[in-house]
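Top to bottom, those sequences are chains B, F, L and C.
The opening residue of the first sequence carries number -13 in the working numbering; numbering runs sequentially from there.
The opening residue of the second sequence carries number -13 in the working numbering; numbering runs sequentially from there.
The opening residue of the third sequence carries number 108 in the working numbering; numbering runs sequentially from there.
The opening residue of the fourth sequence carries number 108 in the working numbering; numbering runs sequentially from there.
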Amino acid sequence: MIELTQQPIDYSALTESVRSHQAGAVVLFLGTVREFTGEAHTAWLEYEAYPEMAVAALQRLEGEVRRRFTVTEAAISHRYGRLELGEIAVAVAVSSPHRSQAFDAGRWLIDTLKECVPIWKKEHYTDGATEWLHPEATPGCSQDPDSETTREERSP
Amino acid sequence: MIELTQQPIDYSALTESVRSHQAGAVVLFLGTVREFTGEAHTAWLEYEAYPEMAVAALQRLEGEVRRRFTVTEAAISHRYGRLELGEIAVAVAVSSPHRSQAFDAGRWLIDTLKECVPIWKKEHYTDGATEWLHPEATPGCSQDPDSETTREERSP
Amino acid sequence: MKITVLLFAAAREIAGAESVELDLPLEASVADARAALLLSLPGLALRTNALLWAVNNEYAADDRILHSTDVVACFPPVSGG
Amino acid sequence: MKITVLLFAAAREIAGAESVELDLPLEASVADARAALLLSLPGLALRTNALLWAVNNEYAADDRILHSTDVVACFPPVSGG
């Protein structure tokens, strides 16, 4: 299950969607809007998405996590638009027969999502300043369409 | 928040209890009743607890995870009694400013819980056979009351 | 002194009882309790090495000295979660 | 050929537009589009190295050849999650 939405994320529904009698372990990750980053005091966040490409990227991630890990079910929901403090920007849920694979798959999903899915975060600080957050380009996702697969095949 | 209960676990309430404006990451782990383990076909599970000691052990884990990791909030709920396929036996939720610590803390909590908290699982198979599951004794939790701390201090 | 040992899981089932009372000398250790328990319930012998002991809700080593007011428990390795 | 480049996040704000139209020779590459975009919008120059390109919803390298029917986008490194 893949979702890109401007509405609040229902993480219970996402979690229920991955539960299964075949799975003994479920891992849910929530990314939420944090108030402080060092001295910077966030008032609210704005997420912008390239919706068509973001949905395609999320679908690819859902397929890839099943190939890389022993995953029973996987689900991802990402919100965009304006988010207030404490609200959920992203939720990732995976189920697996055993817990080690569930943790590894959940962590890989959120790490890779943050590298590859075309969504951007703009900080609105309490002093009125704004800032687009742009990490360094990650060659694995950005250099060519096959590089993601190539990098993954080289990983342990 | 620590809970040892014979009622179904409300993991949404557990998750809400750890959400915070100070945290940018929440990790929830659910341990659920799996139908197949290799060829063995489970019909239902029975969990037995030593309640007084189990609650004391869960409280100690909640304190210890805060000392070992950058954890904003932590919560654990373990169920006992009869559980049907797919039901939740244990739920662990942690929040942290950043996701790496949330994953590490959640994984440490469930791993250590399974080693140390006096709760036992009895398999009831579909062919009518029953089996108490008893892993090898884990020296870290069992040899003396200080050994858990000792082992943890030696860990990286 | 009389020490009541709480039993759990397979230990409880093998004993056919939720607890067993042991008559131990003063200053007896967990190791002494273990020996007395196995005399009283030979069926537990196969699990001698695996059985864990707790005193007052904490795991206890063999050399832990018991007092008459201690809450003592004996059980197999745990398997919750 | 005319290629419309979709812009996002800081690239959109710097350009002051959600897209920009480039006039490129046939068989132009992503690198050619990048050069034409910077001529058209010098304000993006500071981000030249960081800007990523996508063609038809997939990341595209500099040597990717563009066709007039391609959906082309240009944006800074992503920061979702």
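Here a beta-carbon is modelled for each residue, glycine too, at the ideal position from N, C-alpha and C.
Exercise for the section: Quick one: residues in its chain with C-beta nearer than 8 angstroms to the C-beta of B:Ala26, no 5 flanking neighbours on either side, listed in chain order? Expected result: Glu109, Tyr111
Practice task
Mind checking which residues open and close the beta strand (DSSP E) that includes B:Ser117?
Solution key: It should be noted that the sequence gives Glu, not Ser, for residue 117 of chain B. Its beta strand (DSSP E) spans residues 116 to 119.
Problem - Buried/exposed call for B:Gln(-8), threshold 16 Cβ in 10 Å - result: exposed
Problem - Assigned exposure category for F:Thr136 - 16 Cβ within 10 Å defines buried - result: Its pLDDT being 35, under 50, F:Thr136 is placed unreliably by the model, and the measurement read from it follows with that caveat. Under this definition F:Thr136 is an exposed residue.
Problem - Beta carbon of F:Asp90 nearer than 9 angstroms to that of F:Phe55 - result: yes
Practice task
Please classify F:Gly17: is it buried, with 16 or more other beta-carbons within 10 angstroms of its beta-carbon, or exposed?
Solution key: A residue is called buried once 16 or more other Cβ atoms fall within 10 Å of its Cβ, and F:Gly17 is buried on that count.
Problem - C:Val127, DSSP secondary structure in three states - result: strand
Exercise for the section: Output yes or no for whether 9 angstroms exceeds the beta carbon distance between B:Ala61 and B:Ser3. Expected result: yes
Practice task
Taking all protein chains shown into account, decide if C:Glu125 is buried (16 or more other Cβ within 10 angstroms of its Cβ) or exposed.
Solution key: exposed
Problem - C:Val127 versus C:Ala117 - alpha carbon distance - result: 14 angstroms
Handout entry: Closer than 8 angstroms at the beta carbon, the chain C residues around B:Tyr36
Key = Leu113, Phe115, Ala161, Ala180, Phe182
Practice task
Consider the Cβ of F:His7: report whether some Cβ of chain B lies at a distance smaller than 9 angstroms.
Solution key: yes
Exercise for the section: Pull up the distance between the alpha-carbon of C:Met108 and that of F:Leu14, whole angstroms please. Expected result: 52 angstroms
Exercise for the section: Compute the distance between the beta-carbons of B:Tyr(-3) and C:Leu113, then report whether it is under 9 angstroms. Expected result: no
Exercise for the section: Between the Cα of F:Thr116 and those of F:Val78, F:Leu47, F:Tyr33, spot the shortest distance and give me the residue it belongs to. Expected result: In terms of CA proximity to F:Thr116, F:Tyr33 leads the group F:Val78, F:Leu47, F:Tyr33.
Exercise for the section: Would you please verify whether the beta carbon of F:Gly17 is less than 9 angstroms from any beta carbon of chain L? Expected result: Closer than 9 angstroms to some Cβ of chain L, the Cβ of F:Gly17 qualifies, so yes.
Problem - Separation of B:Arg68 from B:Leu119, as counted between CA atoms - result: 15 angstroms
Practice task
Look at the alpha carbon of B:Ala(-1) and the alpha carbon of B:Ala11, and state the distance between them as a whole number of angstroms.
Solution key: Spanning the alpha carbons of B:Ala(-1) and B:Ala11 requires a straight line of approximately 16 angstroms.
Practice task
Starting from F:Ser82, follow its DSSP beta bridges and name the residues at the other end.
Solution key: As computed with DSSP, F:Ser82 is found in a beta bridge with F:Ala11.
Practice task
With a 10 Å radius around its C-beta and 16 neighbouring C-beta atoms as the bar for buried, classify B:Phe22 as buried or exposed.
Solution key: exposed
Problem - Beta-carbon contacts of B:Met39 that lie in its chain and below 7 angstroms, excluding the five residues immediately before and after - result: Pro104, listed in sequence order.
Problem - Per-residue contacts from F:Trp30 into chain L (C-beta, under 8 angstroms) - result: The contacting residues do not exist; F:Trp30 stays about 16 angstroms from chain L at best.
Exercise for the section: Give me the Cα-Cα distance between F:Asp102 and L:Leu151, rounded to the nearest whole angstrom. Expected result: According to the sequence displayed, residue 102 of chain F carries Cys and not Asp. Rounded to whole angstroms, F:Cys102 to L:Leu151 spans 22 angstroms at the Cα level.
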